[in-house]
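Q: Take a look at the following structure, please.
Number of protein chains: 2
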Amino acid sequence: MTYCLALRLDEGLVFLADTRTNAGVDNVSTYRKMHVFRPAPDRLFVLESAGSLAGTQQVLDRIEQDLASPSGIETLATVTQLFEAALYIGRISREVADQHRIALSAVGADGSSTFILGGQIQGGRPDTLLIYPEGNYIRASDERPFLQIGETKYGKFLLELAVAAPIDLETAGKIALSSMISTAHANLSVGPPYDLAIYRNDSYEIQEHRIPIGSEYLARLEEVWGIHLLGAIGELPHVQDRDLDP
Amino acid sequence: MTYCLALRLDEGLVFLADTRTNAGVDNVSTYRKMHVFRPAPDRLFVLESAGSLAGTQQVLDRIEQDLASPSGIETLATVTQLFEAALYIGRISREVADQHRIALSAVGADGSSTFILGGQIQGGRPDTLLIYPEGNYIRASDERPFLQIGETKYGKFLLELAVAAPIDLETAGKIALSSMISTAHANLSVGPPYDLAIYRNDSYEIQEHRIPIGSEYLARLEEVWGIHLLGAIGELPHVQDRDLDP
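First to last, the sequence lines map onto chains A and B.
Residue 4 is where the first sequence starts when you use this note's numbering, and the numbers rise one by one after that.
Residue 4 is where the second sequence starts when you use this note's numbering, and the numbers rise one by one after that.
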């Protein structure tokens with residue numbers, strides 16, 4: 004499985020993805036699920052993927068192929084709005100899934116993929132969009148400025164509790180990492196290395212960090228998170244009958 | 004939906020259940036999902052339920068009917084081991100589901116139920132068992148001394164992180180409540196009032212607490228939990244390139 008998320012804040016965007024892939028419980032491996040495209044100086048895209056690994060790789064290859072092909076076709080370099088980029092990727096994703104549907108469904112497999120697309124095209128605001136396997140999309144909202152794909156449940160309450168548009172990008176990165184390590188703790192199919200990317204509005208440049216397995220930073224992150232979470236539990240009020248009256 | 008959990012600790016057992024029920028997004032209501040049976044002085048059972056509300060009510064009615072009927076049949080008063088009680092409830096649960104399967108599947112509904120059974124029968128150790136819709140069961144293990152049914156994902160990482168057999172019952176109750184409010188925060192189908200029950204080994208008595216909507220205790224619980232969780236996020240180490248080397 005997979006866990007990817009994106010936050011849309013007043014200062015910019017935060018992306019975080021795990022890298023664990025598996026076929027059932029077998030063939031556990033590490034693949035990058037976060038990809039950055041900068042096909043022209045006036046635009047930057049971050050694409051996160053969940054679902055069929057084969058499907059997402061073919062979608063990425065098709066995007067690159069379109070960018071390299073002679074002009075006249077729609078590509079990430081020609082779209083003028085982020086929602087057009089989402090529809091473009093959604094169309095390719097559907098085409099790839101359709102191409103393999105009969106063969107895959109014959110063995111009970113699902114070749115579809117879900118994406119989060121974020122970034123900015125000059126003239127528009129930075130944004131994040133979730134692209135469904137059917138090719139349609141939704142945005143993050145101002146009230147709920149995050150999107151998730153893959154194993155979304157384990158780390159959701161942290162985003163609900165902590166993510167608000169006005170927080171700074173550094174804090175937002177920490178919230179994203181808290182959500183990720185909570186998920187990895189509860190679900191074997193999500194794991195490090197983690198890819199973190201931070202986009203500051205109107206910069207058209209991305210700060211990328213890979214947090215590797217066995218790094219001092221990851222160990223410290225998990226340790227501090229564990230200690231403070233246990234501390235939070237300890238601070239909860241005692242359950243006593245006299246407190247429970249409505 | 005539902006969220007119920009049970010912890011099996013050195014000192015005793017902790018049970019926690021929400022009370023929200025719904026049919027789709029409609030007909031949201033409040034029903035008790037935790038039930039205590041004490042059919043003889045040498046035994047005490049706590050039963051938590053998830054799944055079809057109609058199904059679980061009929062199972063409870065069948066259990067009571069068997070207890071009230073003349074002797075000669077298996078009941079919660081006649082079983083001599085907790086696993087026999089689990090198999091007994093599993094059999095009734097399957098019979099109830101079978102009785103309604105054709106009518107329910109005709110409208111695309113599922114009438115099956117999942118239970119957590121906990122308690123003690125004199126001569127045996129206190130234990131908790133998860134009863135599947137198929138009628139078989141698993142116990143909590145010493146390494147993973149908790150069971151969950153219903154919306155289990157949202158609050159799982161907290162149990163993974165914090166529950167260990169040697170902790171005291173008071174702390175265990177707080178961990179259970181943390182897991183519950185994290186779930187209710189992320190999922191509308193889980194909500195208060197919450198029923199908390201604590202069983203001390205060899206007592207054959209249960210301490211029950213209902214934590215109502217709008218109670219001062221619940222407000223304080225959610226406030227303290229939120230503050231300390233945000234504090235934990237703030238304490239996480241900064242993401243800096245130099246920290247990220249493996």
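The C-beta atom is built at its ideal place from N, Cα and C for all residues, glycine as well.
#1: Taking C-alpha atoms, which residue in Y91/B, S192/B, D69/B, P129/B lies nearest to R251/B?
#2: Checking 7 Å against the spacing of the C-beta atoms, do L239/B and V227/A come in under that value?
#3: Listed in chain order, which residues of the segment 174-201 of chain A have Cβ atoms closer than 9 Å to some Cβ of chain E?
#4: How would you list, in chain order, the residues of chain B whose beta-carbon sits under 7 Å from the beta-carbon of K159/A?
#5: Among the residues of its own chain, which have a CB less than 6 Å from the CB of F1/A, if the five just before and after it don't count?
#6: Give a yes or no on whether the minimum CB-CB distance between R23/A and chain B is below 7 Å.
#7: Pick out whichever of G27/B, F160/B, F118/B, Q60/B has its Cα sitting closest to the Cα of Y140/B.
#8: Is the beta carbon of L50/A less than 7 Å from the beta carbon of A175/A?
#9: By Cβ distance below 6 Å, which residues in the same chain neighbour D198/A in space, the five residues on each side in sequence not counted?
#10: So, with DSSP's three-state summary, where would you put D246/B?
#11: Can you tell me where the beta strand (DSSP E) with D45/B in it begins and where it stops?
#12: With the cut-off set at 7 Å, would you say G138/B and R97/B are in Cβ contact?
#13: Listing by chain order, which chain A residues have their CB less than 7 Å from the CB of G229/B?
#14: Which residues of chain A have a Cβ atom closer than 8 Å to the Cβ of L19/B, listed in chain order?
#15: Note the first and the last residue of the continuous beta strand (DSSP E) segment covering Y197/B.
#16: Leaving out the 5 sequence neighbours to the left and right, which residues in its chain are closer than 8 Å to P249/A when beta-carbon positions are compared?
#17: Sort C7/B, V110/B, Y6/B, G15/B by Cα distance to D171/B and report the nearest one.
#18: Label Y6/B either buried or exposed according to how many other C-beta atoms from any shown protein chain fall within 10 Å of its C-beta, with 16 as the threshold for buried.
#19: Spell out the partners DSSP gives F316/B in its beta bridges.
#20: Is the distance from the Cβ of R65/A to the Cβ of I105/A below 7 Å?
#21: So S192/A and E154/A are supposed to be a Cβ contact under 8 Å. How far apart are they, rounded?
#22: Is the shortest distance between the beta-carbon of R203/B and the beta-carbons of chain A less than 7 Å?
#23: Determine the closest residue to G121/B out of I209/B, G114/B, G234/B, T131/B, with distance taken between C-alpha atoms.
#24: Residues in its own chain within less than 6 Å of V99/A by CB, not counting five upstream and five downstream?
#25: Using the beta-carbon of each residue, which ones in chain A are nearer than 7 Å to A235/B?
#26: Smallest Cα separation from F86/A: which of G127/A, Q102/A, A112/A?
#27: Determine, using beta carbons only, whether R223/B comes closer than 7 Å to chain A.
#28: For L132/B, does the three-state DSSP call read helix, strand or coil?
#29: For the beta strand (DSSP E) that contains H212/B, what are its first and last residues?
#30: Using a threshold of 7 Å, state whether the C-beta atoms of P196/B and A168/B are closer than that.
#31: Given this structure, state the Cα-to-Cα distance separating I216/B from S108/B, to the nearest angstrom.
#32: What in chain B is Cβ-close to H103/A, meaning under 9 Å?
#33: Distance check for D101/B and T22/A, CA to CA, integer angstroms please.
#34: On the three-state DSSP scale, how would you describe Q102/B?
A: The answer reads as follows:
#1: This structure cannot settle anything about residue 251/B, because the visible part of chain B is limited to 4 through 249.
#2: Result yes, Cβ atoms of L239/B and V227/A sit closer than 7 Å.
#3: Included in the structure are the protein chains A and B, with no chain E among them.
#4: By Cβ distance, chain B contributes Y157, A189.
#5: The structure shown does not extend to residue 1/A, since chain A is modelled only from 4 through 249, so no value can be given for it.
#6: no
#7: Nearest option by C-alpha distance: F118/B.
#8: no
#9: Excluding the 5 residues flanking it on each side, D198/A has same chain C-beta neighbours closer than 6 Å at A20, M37, R213, in chain order.
#10: Any answer about D246/B is weak, because its pLDDT of 46 lies below 50 and its placement is not dependable; what the coordinates show is given next. If DSSP states are grouped into helix, strand and coil, D246/B belongs with the helices.
#11: Premise fails: D45/B is in no beta strand (DSSP E) and is neither H nor E.
#12: Closer than 7 Å, so yes.
#13: L164
#14: Ordered by position in chain A, no residue passes the 8 Å Cβ test against L19/B, which lies about 10 Å from the chain.
#15: 197-203
#16: Interpretation of P249/A is limited by its pLDDT of 44, a score under 50 that renders its predicted location unreliable; no figure is taken from the coordinates.
#17: G15/B
#18: buried
#19: Since the first residue shown for chain B is 4 and the last is 249, residue 316/B is missing from the structure and cannot be characterised.
#20: Cβ atoms of R65/A and I105/A: not closer than 7 Å.
#21: 7 Å
#22: no
#23: Selected option, being the one with the closest Cα: T131/B.
#24: Correct list, in chain order: G58, Q61, V62.
#25: W228, H231, L232, A235
#26: G127/A
#27: yes
#28: strand
#29: 209-214
#30: no
#31: I216/B and S108/B have their alpha carbons spaced roughly 35 Å apart.
#32: Near H103/A there are no residues of chain B at all, since even the closest Cβ is about 29 Å away, more than 9 Å.
#33: Cα to Cα, T22/A sits roughly 43 Å from D101/B.
#34: helix
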